[in-house]
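Numbering (the numbering used here), first residue to last: 151 to 230.
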């Protein structure tokens, strides 16, 4: 059974006797985690800016709608 698991994994799981071989993998992992974190923060910052712009646009659209409705109400009252 143990031989089957070793063959099934295709040699993917490799545990070297010399533990210094883990150092390059650990360094690469740390670098990639820093890149992932920086990318995540960059995307969140862009999303926050876009949300702020969307809120500003929504407020402007609602204000224009309210102004237009008030103007139409005044016109309809004048016509009566």
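Think of the CB as a built atom: it goes at the ideal place given N, C-alpha and C, for glycine as much as any other residue.
Checklist entry - Can you tell me where the alpha helix (DSSP H) with residue 243 in it begins and where it stops? => result Outside the shown range of the chain (151 to 230) lies residue 243, about which nothing can therefore be said.
Item to check | Alpha carbon of residue 173 to alpha carbon of residue 207, nearest angstrom | outcome: Start at 1 with the first residue of the chain shown, and residue 173 comes out as number 23. Start at 1 with the first residue of the chain shown, and residue 207 comes out as number 57. Residue 173 and residue 207 have their alpha carbons spaced roughly 51 angstroms apart.
Item to check | For residue 187 and residue 178, the rounded distance between their alpha carbons | outcome: Start at 1 with the first residue of the chain shown, and residue 178 comes out as number 28. Start at 1 with the first residue of the chain shown, and residue 187 comes out as number 37. Straight across, the Cα-Cα distance linking residue 178 with residue 187 is about 14 angstroms.
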